[in-house]
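The opening position of the sequence shown corresponds to residue 2 in my numbering, with each subsequent residue numbered one higher.
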Amino acid sequence: SKAAGDLLVLSYYTTYRMPVLITRGSNTFGPNQYPEKFIPLFVTNALEDQPLPLYGDGLQQRDWLYVQDHCEAVALVLAEGEPGQVYNVGTGEERPNLEVAEAILGLLGKPQSLLRRVTDRPGHDRRYALNCKKIAKLGWKPRVAFREALKETVGWYRNNGSWWRKIKSGEFRSYYEKMYGSRLAGS
Numbered sequence: 002s003k004a005a006g007d008l009l010v011l012s013y014y015t016t017y018r019m020p021v022l023i024t025r026g027s028n029t030f031g032p033n034q035y036p037e038k039f040i041p042l043f044v045t046n047a048l049e050d051q052p053l054p055l056y057g058d059g060l061q062q063r064d065w066l067y068v069q070d071h072c073e074a075v076a077l078v079l080a081e082g083e084p085g086q087v088y089n090v091g092t093g094e095e096r097p098n099l100e101v102a103e104a105i106l107g108l109l110g111k112p113q114s115l116l117r118r119v120t121d122r123p124g125h126d127r128r129y130a131l132n133c134k135k136i137a138k139l140g141w142k143p144r145v146a147f148r149e150a151l152k153e154t155v156g157w158y159r160n161n162g163s164w165w166r167k168i169k170s171g172e173f174r175s176y177y178e179k180m181y182g183s184r185l186a187g188s
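The structure is reproduced here in structure tokens:
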């Protein structure tokens, strides 16, 4: 669906010369991310001494991009990007999921025994890689080192348990249905 959206937007540039810009970010993470994603899921599970479900051998490679750096990249593309162009945004530093999981456990002082190998998803990509030379030509590079960004993120989840626990417990889904369910059904 992301690729289809990119092609639709680019067709408006080609057909109508609408000044469009596209950014494609690598795996973005940071504070306030919904707890279904890899890093927040592993942090919140570790905080509750729950298993961390690691797919397969855990050696899938990902380029982790801190949300603050991602936002700065998008702002730069909006200000200085060339219409009709696609800008990939990533750090160029790939890490295995196992390494990230171990770093999370280390920051929280939790045991490696929380890691649980689970059967890998069919068709799960071993590696995502982006060529980020175009955005580098605009002068962008990530400012926050991965370890520092991960430390900030872990700290945020540690200090905001009331937010993510509601989501993980289902209270948020119940609240959302109560507040918006009938309104959405009637629209």
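Here a beta-carbon is modelled for each residue, glycine too, at the ideal position from N, C-alpha and C.
Shown here, GLN69 sits in a helix according to DSSP, grouped into three states. Spanning the alpha carbons of ARG174 and TRP164 requires a straight line of approximately 13 Å. TYR17 and LEU8 have their C-alpha atoms spaced approximately 14 Å apart. Pairing VAL21 with ASN28, the inter-Cα distance amounts to about 23 Å. With the rule of 3 Cβ pairs closer than 8 Å, the region 95-109 counts as touching the region 144-154. If you compare the alpha carbons of THR120, THR92, VAL44 with that of ARG144, the shortest gap goes to THR92. When C-alpha distances from PHE30 are compared across PHE39, ARG166, TYR14, the shortest belongs to PHE39. For GLN61, the three-state secondary structure derived from DSSP is coil.
Within the model, the alpha-carbon separation for VAL10 versus GLN113 is close to 45 Å. Annotated as proximal: LEU131 and ASP64, with beta-carbon spacing under 8 Å. Secondary structure note for LEU42: its alpha helix (DSSP H) is the uninterrupted segment 39-48. Using a C-beta cut-off of 8 Å, the region 114-129 makes no contact with the region 78-89, since fewer than three inter-stretch Cβ pairs fall below that distance. Beyond the five residues adjoining it in sequence on each side, ALA74 comes within less than 7 Å, by CB distance, of THR24, VAL90, ILE136, TRP141 in the same chain, given in chain order. In this structure ASN46 is buried. Its beta-carbon is surrounded by 16 or more other beta-carbon atoms within 10 angstroms.
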